[in-house]
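Participant: One line per chain: the protein sequences are A, B and C, in this order. Each position in the first sequence, counted from 1, maps to that position plus 291 in the working numbering. Each position in the second sequence, counted from 1, maps to that position plus 744 in the working numbering. Each position in the third sequence, counted from 1, maps to that position plus 3 in the working numbering.
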Amino acid sequence: MTAVATRTVRRVVLSAPVVAVGGALALTTLVMLVVGVDPSLAYPALVRGAIADGNLEYTIAAFVPTLGMALAFALPLRAGEFNLGGDGQLAAGGVAAAALALSAPLPPVLAVLLPLAAATLAGGLVAALAAPLSTRLGIPAIVSTLLISAPAVSLASYLVRFPLGEQGTGLAQTPPLPAAAHLPALTEGGYVTLGLPLIVALTGLWLYADGRTVLGYELRATGRNREFARYGGVRVNRLAAFALAGGGGFAGLVGGLIVLGPPYRFVDGALTAPGYTFTAVAAVLLAAARPFAVPVAVALLTLLQVGGQGMEREAGVPSQLTQIVQGLIIVIVAVFATVRARRRRA
Amino acid sequence: MNILEWSFLSGVLTATAPVLLAALGGLICQVAGVFNIALEGQLLWGAFTAVVVSDLTGSAWAGVAGAAVATLLFAGLLSAAAVSLRADPIVVAVGLNLLALGLTAFLMRQIFGSGGTYTSPDLAGLPTLAELGLDVPVLGPQSPLVPVALLLVVAAAWWLGRTRSGLRARGVGQHAEAAAAVGLRVGGYRHGVTLAAGVLCGLAGAQLALGNVTLFSEGMSAGRGWIAVVAVMLSGVRPYRLLLACLLFGIAEAVGFRLQGAGLPQQAADAAPYVITLVALVLAAVAGRRRRENA
Amino acid sequence: MTEPPAAFAAELVGVSKRFGPVLANDGIDLAVARGEVHAVVGENGAGKSTLMSILYGLHRPDAGHVLRAGRRVRLRSPADAIRHGLGMVHQRFRLFPGLTVAENIVIGAEPVRGGRLDHTAAHRAVTALADRYGLRADPSALVGDLPVGVRQRVEILRALYRQAEVLILDEPTAVLTPGEADRLFEVLRTVAATGVAILLVTHKLTEVLAASDQVTVLRQGRVTGRFTTAGTDAGELVHAMIGRSLTPPAPRRARPPEGDPALDVRDLTVRDADGVARLSGVSFTVRPGEIVGIAGVAGSGQRELIDSVTGLRGGTDGVLLDGTPVRPGRDPRVAYIPEDRHGRATAPDMSLAENLLMGGQRTLATRFGLPRAAVRSRGRELVERFAINTASVDLPIAALSGGNAQKAVLARELTRPSRVIVAEEPTQGVDVGVRERVHALLIAARDQGAAVLLQSSELAELRELADRILVLFEGRTVAEFGPDAAEAELGQAMTGVRG
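Next comes the structure, spelled out in structure tokens:
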């Protein structure tokens, strides 16, 4: 009994995510000490910044887009495609939602649903551009998604400033969206919207599809060994394109959710500046091919991200420290995965 | 010749140089079979460390040296993780790019006290060749690192084709097992090129922050490292073609800059290098495919 | 110091090596003299490759040591081995396709002048060596453009260039036609005559008897026999190799093939991406209850033929299954056992159950998806039926031994509702027990009315199983033989010599 317990404890303690987070925090502490910050002040500030003093609402509000972007990265990754173009897909989704919501007065429920659908479609289309480049021309998705992302962000920025821009203010933002297009709020502050249950439901759907459907099986087979899947009769090119487009769709939807949430307009840069895309990438890689761990990893890194801002306010530690932690986590996970695979083989 | 055209060519060269230096790093990695997509992060880190050292010492050359050394160390992370420990180089590179972004933004606030953009009279930029007495068109307004970058293209071609280590590096890249079987140290070559790419990215960063401009701003690499990755893909691992690919990017940036002056929105200028690079990549891939089909 | 005159060129003393649970080498002693061709024989998995890898510094022994010219040497890498005058020609060539012949030969010990590679000296050295041993190869040709036989010459030349005094050849004839193999043996004689010791690793007894002076037999990691070739015969060697005499092959068929062809290939032409015809006008049929063998030198169009028959190359009118054209992608009417177990036949990281599922996922699916319980229980059923040795169906298939992984592939493919079976090198890299089992399964499928297309580089396997053998040469079917064709006849056809 105790032996089993010890073994379980050891397995958990030595699992990739725990080692990665532990290692990253140790290195972060080292960074703090080197630059002369007292960790005993910084870490409580971080925790307070994430969950105390009503900050939990912000953390949850940030959890929604990060989880959505995690799906945008994880879905194609299961099929072996790296989608690093989340920013462009996000911006495309946001601008599509804003454009639709501003252009036509829509009846109450449709005023939310149609812009979100448009956002999903726009994000999916931007990501799908990378699919034929990868499957037909052999340009890796990791490069093409990223290259497509930059002009997509520029285009969104242009549209938000000029054709869709708010006249007369000189600010780079659209006018406020009509009230019918506002996402219903779930908290008093209004920051947690219907987007939370929506993304949580979509995550559940993804988890189910990944583990227990033919589509999920074929996607995984495509990712693990594309030649094997092709040999087995799976239409791998089509699936890879679907996975990229699906990932882009999630990113686009996140863009729509952000625009239809407070402050109910597309503010240039507001979608990409918080760095949801790469926080999500770090979270998915931290989950290390365990889909069920993705929401947990997203929650952890969101706490870190939002808490980092609290840390900056209280302890004067630049919040970019959290980006350092994320980068370190990714590197440690990658190293750990190989070391373990080699030990298993030996 | 029209003065305007000289200045345009000069602008092209200025825009090309940092990308070219980073791409040379990517190229030698590719030769030895290392897919290095951490160029973006290394370029940014190089720019930052160049500015820090130049600011502290008041010497641009110290900045260049500092960037080279600091980026060599940064590349050591990649070579340790991806070569020694055999971790997935793509995932490691994604992590390192993020790390560089976070680290530069963080240290910038720690060292210079604020984020955004840093510039100061203490910060020494690289001299132009004209200031060094070489007042010729096109090259005159460039920093000495620009001709160095061009010479390095020739050096890379020579190394690959004419030297023993170049031949061996190609062997390592083509078939690592075969290289080991003839007694070559595969890991040694891979460490070597990864670290050398670090030095080249350090120079690229120094050129960007002390040559093209004299300042550091957050995320100032702005995708140049990724353009360099694409340039390597376009080059078919041939140094002179790499130069052409990088010049294409330089032209795109210079044209975008001009058009912006002519009233085009800044976003179009921002997007131009990416769109043109992407189009070139697609055209090259399509052409390669067609050539194979028609042969 | 003077060498003891009687010392062997190379000697392995008490060498043991363990990989996990497998004891690959168990206290092996082996000695080869200068100028001697010494055959090392044994079934697949007998430990030959491990032993040679130890001699070439690729593995380090757990116990025992290596003597070179009577002196103990420590070989930690191929570089050490090369320095001690050992050379190896690998079964899978260790060549650089994008480098020239000369570059491939000199790499690692390049002539340098004034800091630059001396290409002229390299070419001169290569030409001189080639002339001396009668191994023709154009020094400036790209290795990637050369036929297999010439590539092997490049490997041999490389070892000779590095002044190997002990030359190890690992299954050198696996990629050669019988005619090319004979020429190789002549070359080996010439090389041995200059005082080089040659270790010839093989499992083909005809080669042993034809080409060697001494024989060491391995079975399950141990030496089970040492012979002087002149004083032994095939029967004695077989007994040492498998510990018993071969059982006579099973009666050839239960019933004659009947009915319309299940597989009908008609005037099939396939071009590669460069537009070169890899198959030209190939026509043949396979009827239910028949095994048709495909013989040929590697790269004669086998891959293109199989990819066309299975639909992986896209749909084509040149292949008819039960009278209708093959469907593109992967035609479900064909069961296919691929040669490349890790590249194509399995996803090594996925579980055994999920590997066994591929192709059947849609039949197991319900309205609500793909129940995991159903996937596992189907996996367990196949594990049981095909005697796959595994602790659990949830283990990654990479954790299984090669033979068990191959059984899993057969289990998956033979349980598909397909009347046509394509088997590509179905017994490559499996031990003799699994080999017998695989053969029995293919024969059983045939007897139940399957049309089997069997591609194998082992002529013995084809002659044992096939009712007819088609020979591919440069993308054409150049000959058809019955099962009792002589190896020499087959060999001639494989090299394009028409009888």
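Note that CB positions come from ideal geometry on N, CA and C, so glycine has one too. No experiment lies behind these values; they were computed from the predicted model shown.
Can you tell me which of the three DSSP states residue 960/B falls into?
Facilitator: Three-state DSSP puts residue 960/B in a strand.
Participant: Within 10 angstroms of its Cβ, does residue 327/C collect 16 or more other Cβ (buried), or is it exposed?
Facilitator: Exposed, because fewer than 16 other Cβ atoms sit within 10 Å of the Cβ of residue 327/C.
Participant: When the Cα of residue 758/B is compared with those of 887/B, 826/B and 931/B, which residue comes out closest?
Facilitator: Closest option to residue 758/B, Cα to Cα, is 887/B.
Participant: Thinking residue 317/C and residue 331/C are a contact (beta carbons under 8 Å), I'd like their distance in whole angstroms, please.
Facilitator: Indeed they touch by this definition, with Cβ atoms about 4 Å apart.
Participant: Can the beta-carbon of residue 218/C be found less than 8 Å from the beta-carbon of residue 42/C?
Facilitator: Yes, these two residues count as a Cβ contact at 8 Å.
Participant: Of all the options 486/A, 380/A and 491/A, which has the alpha carbon lying nearest to the alpha carbon of residue 583/A?
Facilitator: Comparing Cα positions, the closest option is 491/A.
Participant: Output yes if chain A places a C-beta closer than 8 Å to the C-beta of residue 357/C; else output no.
Facilitator: At least one chain A Cβ lies under 8 Å of residue 357/C.
Participant: Please list, in chain order, all residues of the same chain as residue 467/A whose beta carbon is under 7 Å from its beta carbon, the five residues on each side excluded.
Facilitator: Contacts found: 555 and 556.
Participant: Would a C-beta distance cut-off of 8 Å place residue 897/B and residue 776/B closer than the cut-off?
Facilitator: Against a cut-off of 8 Å, the Cβ pair of residue 776/B and residue 897/B comes out as no contact.
Participant: Using a Cβ-Cβ cutoff of less than 6 Å, which residues in the same chain neighbour residue 93/C once the five nearest sequence positions on both sides are dropped?
Facilitator: If we look at residue 93/C and ignore the five residues flanking it on each side, its Cβ neighbours are 173.
Participant: Beta-carbon of residue 504/A versus every beta-carbon of chain C: anything under 8 Å?
Facilitator: Cβ-Cβ to chain C under 8 Å: yes for residue 504/A.
Participant: Under 8 Å between beta-carbons, which chain F residues line up against residue 914/B? List them in chain order, please.
Facilitator: Protein chains A, B and C are contained in the structure displayed, whereas chain F is not.
Participant: In angstroms with no decimal places, state the Cα-to-Cα distance between residue 351/A and residue 455/A.
Facilitator: Answer to the nearest angstrom: the Cα atoms are 29 Å apart.
Participant: Residue 426/C and residue 385/C - do their beta-carbons sit closer together than 8 Å?
Facilitator: Their beta carbons are not under 8 Å apart, which means residue 385/C does not touch residue 426/C by this criterion.
Participant: Listed from N- to C-terminal order along the chain, which residues in the stretch 81–92 of chain C have their beta-carbon within a distance smaller than 9 Å of any beta-carbon of chain B?
Facilitator: Going along the stretch 81–92 of chain C in chain order, one finds 81, 82, 83, 84, 85, 86 and 91 with a Cβ nearer than 9 Å to chain B.
Participant: Residue 378/C and residue 360/C: beta carbons closer than 8 Å?
Facilitator: Contact flag set, yes.
Participant: Using 8 Å as the limit for Cβ to Cβ distance, is residue 159/C near chain B?
Facilitator: Taking Cβ atoms only, chain B never reaches closer than 8 Å to residue 159/C, which makes this a no.
Participant: Runs of 4 residues minimum, wholly inside the stretch 145–194 of chain C: which ones carry the alpha helix (DSSP H) assignment?
Facilitator: Qualifying alpha helix (DSSP H) stretches, in chain order: 151–164.
Participant: Pairs of beta-carbons, one from the stretch 400–412 of chain A and one from the stretch 545–565 of chain A, closer than 8 Å: are there three or more?
Facilitator: Yes, the stretch 400–412 of chain A is in contact with the stretch 545–565 of chain A.
Participant: Hey, which unbroken runs of the alpha helix (DSSP H) at 4 residues or more fall wholly within the stretch 826–865 of chain B?
Facilitator: Correct list: 833–856.
Participant: Provide the residue span of the alpha helix (DSSP H) that contains residue 91/C, from first to last.
Facilitator: Not the alpha helix (DSSP H): residue 91/C falls in the beta strand (DSSP E), residues 89–92.
Participant: According to DSSP, which residues form a beta bridge with residue 217/C?
Facilitator: DSSP output for residue 217/C lists 41/C and 231/C as bridge partner(s).
Participant: Is there at least one Cβ from chain B nearer than 8 Å to residue 110/C's Cβ?
Facilitator: Chain B, which has a Cβ nearer than 8 Å to the Cβ of residue 110/C, makes this yes.
Participant: Tell me where the beta strand (DSSP E) around residue 926/B begins and ends.
Facilitator: Taken as a continuous stretch (DSSP letters only), residue 926/B belongs to no beta strand (DSSP E), as it is neither H nor E.
Participant: Under 8 Å Cβ-Cβ, which residues of chain B neighbour residue 119/C?
Facilitator: By Cβ distance, chain B contributes 906 and 907.
Participant: Using a cut-off of 7 Å between C-beta atoms, extract the partners of residue 76/C located in chain B.
Facilitator: The contacting residues do not exist; residue 76/C stays about 15 Å from chain B at best.
Participant: Between residue 367/A and the rest of its own chain, which residues show a CB-CB distance below 6 Å, the 5 nearest in sequence each way excluded?
Facilitator: Taken in chain order, the residues that qualify are 374, 534, 535 and 538.
Participant: Keeping to the same chain, check which residues put their C-beta closer than 8 Å to that of residue 452/A; ignore five residues upstream and five downstream.
Facilitator: Contacts found: 463 and 559.
Participant: Any Cβ of chain B within less than 8 Å of the Cβ of residue 239/C?
Facilitator: With 8 Å as the cut-off, residue 239/C does not count as an interface residue toward chain B.
Participant: With distances taken between CB atoms, is the gap from residue 918/B to residue 99/C smaller than 8 Å?
Facilitator: Yes, the Cβ-Cβ distance between residue 918/B and residue 99/C is below 8 Å.
Participant: Taking a contact to mean a Cβ-Cβ separation below 8 Å, would you say residue 432/A touches residue 421/A in this structure?
Facilitator: Taking 8 Å as the Cβ cut-off, residue 432/A and residue 421/A qualify as a contacting pair.
Participant: Okay, do the stretch 598–611 of chain A and the stretch 331–346 of chain A touch, 3+ Cβ pairs below 8 Å being the bar?
Facilitator: Touching, yes.
Participant: Decide if the stretch 806–820 of chain B is in contact with the stretch 781–790 of chain B; the criterion is three or more beta carbon pairs, one per stretch, under 8 Å apart.
Facilitator: The stretch 806–820 of chain B, when compared against the stretch 781–790 of chain B, does touch it at the 8 Å Cβ threshold.
Participant: Exposed or buried, what is residue 299/A when buried is set at 16 or more other beta-carbons lying within 10 Å of its beta-carbon?
Facilitator: So residue 299/A counts as exposed.
Participant: With which residues is residue 480/C paired in a DSSP beta bridge?
Facilitator: Answer is 475/C, bridged to residue 480/C.
Participant: Check for me: the alpha helix (DSSP H) holding residue 407/C runs from which residue to which?
Facilitator: Element bounds for residue 407/C: 405–417.
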